[in-house]
Amino acid sequence: NAGVTQTPKFRVLKTGQSMTLLCAQDMNHEYMYWYRQDPGMGLRLIHYSVGEGTTAKGEVPDGYNVSRLKKQNFLLGLESAAPSQTSVYFCASSSARQPQHFGDGTRLSIL
Amino acid sequence: DQQVKQNSPSLSVQEGRISILNCDYTNSMFDYFLWYKKYPAEGPTFLISISSIKDKNEDGRFTVFLNKSAKHLSLHIVPSQPGDSAVYFCAARVDNAGNMLTFGGGTRLMVKP
């Protein structure tokens with residue numbers, strides 16, 4: 163039982179490059195989330211989705227875009243990477259009103 | 005403005021003793037609170053939760069206490085074990101359709117053998 167799987171686990175980008183982080187869940191959860199974790203700041207919500215085809219902004223959405231074309235997948239895109247986006251990114255999924263389940267994260271460095 | 009705060013970045017406890025991790029919040033609309041545990045290079049895992057209609061919830065060695073008037077919750081681990089060494093995040097939720105969580109900054113717990 164894989165749960166929540168994030169791809170890739172590590173990535174180094176140059177400023178201005180673009181990339182997409184993939185999140186896949188096999189628990190048939192309606193809700194999916196993208197967070198970033200920075201030292202001392204906990205996890206901050208970037209974007210979230212309450213169902214296939216729907217997305218919404220979280221606390222820190224600027225510089226990111228998302229898509230939820232399939233229920234099991236939630237993609238996070240960086241169109242033009244900036245050093246301030248160096249962080250650890252976590253994807254999570256949940257059913258309504260249930261605790262969120264997290265993937266193991268993607269460590270992203272932008273030079 | 006952080007709505008959920010964990011004011012102690014780290015805590016060191018001897019094995020077998022009690023660990024107490026604290027969390028304060030400012031948003032009176034939060035109705036549900038959770039604790040997550042995180043090991044290095046892994047994602048957070050759910051540990052225990054409490055509804056705002058309760059003041060205590062217990063699960064084995066873990067107990068969460070909620071003081072709504074003080075906007076304060078705490079996680080007690082008794083007895084502490086070396087395997088409990090991890091970063092603990094407090095999180096809170098407002099009752100809405102998105103099930104969104106607001107996290108504190110985390111407390112690193114070190115349990116010494």
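In order, the protein sequences belong to chains A and B.
For the first sequence, the working numbering assigns the number 163 to the initial residue and increments by one for each residue that follows.
For the second sequence, the working numbering assigns the number 5 to the initial residue and increments by one for each residue that follows.
Backbone N, C-alpha and C define an ideal beta-carbon position, used for all residues, glycine too.
Keep in mind it's a predicted model, so treat the numbers as computed, not measured.
Residue i classed as buried or exposed, judged by whether at least 16 other C-beta atoms fall within 10 angstroms
{"i": "residue 164 of chain A", "result": "exposed"}
{"i": "residue 48 of chain B", "result": "buried"}
{"i": "residue 13 of chain B", "result": "exposed"}
{"i": "residue 103 of chain B", "result": "buried"}
{"i": "residue 85 of chain B", "result": "exposed"}
{"i": "residue 216 of chain A", "result": "exposed"}
{"i": "residue 33 of chain B", "result": "exposed"}
{"i": "residue 261 of chain A", "result": "buried"}
DSSP three-state assignment for residue i, whether helix, strand or coil
{"i": "residue 224 of chain A", "result": "coil"}
{"i": "residue 234 of chain A", "result": "coil"}
Cα-Cα separation, residue i to residue j
{"i": "residue 43 of chain B", "j": "residue 179 of chain A", "result": "31 Å"}
{"i": "residue 27 of chain B", "j": "residue 69 of chain B", "result": "10 Å"}
{"i": "residue 182 of chain A", "j": "residue 66 of chain B", "result": "38 Å"}
{"i": "residue 247 of chain A", "j": "residue 272 of chain A", "result": "7 Å"}
{"i": "residue 199 of chain A", "j": "residue 190 of chain A", "result": "25 Å"}
{"i": "residue 39 of chain B", "j": "residue 107 of chain B", "result": "9 Å"}
{"i": "residue 61 of chain B", "j": "residue 207 of chain A", "result": "27 Å"}
{"i": "residue 88 of chain B", "j": "residue 116 of chain B", "result": "10 Å"}
{"i": "residue 77 of chain B", "j": "residue 252 of chain A", "result": "25 Å"}
{"i": "residue 218 of chain A", "j": "residue 25 of chain B", "result": "32 Å"}
{"i": "residue 205 of chain A", "j": "residue 249 of chain A", "result": "11 Å"}
{"i": "residue 71 of chain B", "j": "residue 254 of chain A", "result": "28 Å"}
{"i": "residue 17 of chain B", "j": "residue 242 of chain A", "result": "44 Å"}
{"i": "residue 20 of chain B", "j": "residue 54 of chain B", "result": "25 Å"}
- Task: Check whether the region 259-268 of chain A touches the region 166-176 of chain A, counting contact only when three or more Cβ pairs, one atom from each stretch, lie closer than 8 Å.
- Result: Contact holds: three or more Cβ-Cβ distances are below 8 Å.
- Item | Members of the region 91-114 of chain B that neighbour chain A once the beta carbon cut-off is set at 9 Å | Within the region 91-114 of chain B, 93, 94, 95, 97, 99, 101, 102, 103, 104, 105, 106, 107, 108, 109 and 110 place their CB atoms closer than 9 Å to a CB of chain A, listed in sequence order.
- Query: Looking at chain B, which residues of the region 240-267 of chain A have a Cβ within less than 7 Å of any of its Cβ atoms?
  - Reply: Contact annotation: in the region 240-267 of chain A, residues whose CB is within less than 7 Å of a CB in chain B are 252, 256, 258, 259, 261, 262, 264, 265, 266 and 267.
- Query: With contact counted as at least three CB pairs below 8 Å, one residue from each stretch, are the region 27-37 of chain B and the region 224-244 of chain A in contact?
  - Reply: Inter-segment contact for the region 27-37 of chain B and the region 224-244 of chain A is absent: fewer than three beta-carbon pairs are separated by less than 8 Å.
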